[in-house]
Every structure is written in structure tokens, then in C-alpha cells.
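The structure under discussion appears below in the form of C-alpha cells.
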Amino acid sequence: EDQVTQSPEALRLQEGESSSLNCSYTVSGLRGLFWYRQDPGKGPEFLFTLYSAGEEKEKERLKATLTKKESFLHITAPKPEDSATYLCAVQATNAGKSTFGDGTTLTVKP
Amino acid sequence: ETGVTQSPTHLIKTRGQQVTLRCSSQSGHNTVSWYQQALGQGPQFIFQYYREEENGRGNFPPRFSGLQFPNYSSELNVNALELDDSALYLCASSLGRGRQETQYFGPGTRLLVL
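Protein chains in written order, with our numbering: chain B, 1 to 110; chain E, 111 to 224.
This is the structure in C-alpha cells:
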């Protein structure tokens with residue numbers, strides 16, 4: 001069974017203090033790994049899709065990387081508006097569903 | 111380009127009742143997936159529809175059922191509601207059966223069962 005574990009559960013940063021969020025996964029053949037941002041009471045907002053180990057994607061202050069066992073979401077010089085829950089999900093090659101982790105809740109203080 | 115929309119936004123029901131939630135997929139997408147998200151947890155896969163046929167189901171009982179229509183919009187029906195069904199129900203659309211399987215989510219329907 002596909003599994004996704006995210007750490008830490010919660011992360012508090014000062015504005016400008018860079019850090020990384022971790023997503024460890026096991027999947028029977030990876031079709032894609034996805035990162036989403038979710039604000040309270042709203043649906044997840046798509047950030048990145050990674051397909052193979054070594055791949056990297058960047059968007060503004062966010063950079064996602066992928067290895068065969070885990071993915072990292074690096075946040076450089078975060079701002080208060082980056083505060084949200086960040087979800088990681090994997091999709092197996094033989095399934096259309098995505099398996100999600102429980103997310104990391106990021107709080108950035110000014 | 112129109113994004114994924116869901117209705118209603120909020121709903122309150124009592125135990126034992128039935129509910130229907132609706133989803134309009136993003137323009138050009140032919141696959142719709144439904145997820146249940148309890149507070150503080152990640153979304154859990156309920157089922158997926160591809161071109162009007164069920165294309166996978168998660169560990170949810172048969173009282174959770176669905177439909178997809180020719181225009182690729184979808185419904186989620188839940189019968190005999192239980193207190194534990196209280197959650198945020200998310201619909202996601204994608205262009206299925208290809209490498210690009212990124213799912214785009216709607217805003218969700220918040221269901222409260224009393």
C-alpha cells in the first residue's frame with residue numbers, strides 16, 4: 001500500500017528564516033509526486049509535480065526536489081503570506097488516485 | 111480557463127439523512143476524483159470517474175456512491191449519514207490516462223452531520 005509521511009507536523013519560522021519540509025514515501029512505481037498548498041477551509045492549490053529522482057522545480061520562494069525515497073520543499077526567505085499547510089501526495093503508475101500525507105503546517109511570523 | 115467548482119459550499123445534515131454534492135470539472139478535463147478530508151488530516155481518496163465510468167475506489171463503504179455526466183461534471187452521494195462523515199469533501203479534476211495526471215482541486219464542500 002502506498003504511504004506518505006510528512007515532517008515536521010508544524011513549523012514556525014521568522015520572516016526570512018529559510019527551512020525545508022520533508023515528504024517520505026513508499027509507492028509501487030511512481031507516476032508522480034505532487035506538492036500542494038492549502039489555506040484553512042479551502043481546497044488544495046497545486047504547486048509542483050515531480051516525476052523522477054533528481055528532478056527539481058522552482059516557483060518564487062519555493063523549490064521542490066525528489067529522490068527515490070523522499071521529496072523536500074525548500075522555502076527561501078519566507079514571508080508571512082507563505083503561512084499555510086503544505087501537502088505532499090504520490091500517484092502510482094497503476095492507479096489514478098493520489099495518496100496524501102497529513103501535511104506540514106507552516107507559520108511565518110513577521 | 112474555468113477552474114473546478116463545487117456546490118454547495120456548506121451543508122448541515124442530521125444522522126441517517128442522504129446528501130448529494132456536486133462538482134464541475136476544469137475545462138478540458140475528463141477525470142474527476144473525490145476526496146474526504148477530516149480536520150487536521152490529508153485528503154483520503156473516495157473514488158474516481160473517467161469518461162463516466164468508475165476508475166478506482168478507496169476504502170469507503172457502498173453508501174458512498176457517485177456519477178459522472180457526459181459534460182464530465184460529477185456528483186457524490188452519501189446515504190445513511192453518520193457523525194464521522196463530517197468533513198471537507200474535495201473534488202479534483204485532471205486530464206486522465208496520460209503522463210500529466212496532476213489533479214486540480216475545487217474549494218470543497220464542508221459537511222456537518224449532527
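Cβ coordinates follow ideal geometry from the N, Cα and C atoms, glycine included.
Every value quoted in this text rests on a predicted model; they were computed, and no experiment measured them.
>> I need the DSSP call for E/L193, collapsed to helix, strand or coil.
In response: helix
> When the Cα of B/K59 is compared with those of B/L73, B/A10, B/A95, B/K69, which residue comes out closest?
Replying inline: B/L73
>> Judging by CA-CA distance, which residue of E/L121, E/H120, E/R125 is the nearest neighbour of E/L193?
In response: E/R125
> At a CB-CB cut-off below 9 Å, which residues of chain E make contact with B/S98?
Replying inline: S143, Y145, P153, F155, A202, E211, Q213
> Looking at C-beta atoms only, is the number of pairs between the stretch 8-16 of chain B and the stretch 26-41 of chain B that lie closer than 8 Å three or more?
Replying inline: no
> Helix or strand or just coil, what does DSSP make of B/E45?
Replying inline: strand
> Relative to the C-alpha of E/S196, which residue among E/Q151, E/C133, E/Y159, E/L177 is closest?
Replying inline: E/Q151
> Just the Cα atoms here: how many angstroms apart are E/C201 and B/G16?
Replying inline: 35 Å
> For chain E, is any of its Cβ atoms less than 8 Å away from the one on B/R31?
Replying inline: yes
>> Are there any heavy atoms of the ligand HEM lying less than 7 Å away from the beta-carbon of B/P110, as far as the coordinates show?
In response: Although the ligand HEM was asked about, the structure shown includes no ligands whatsoever.
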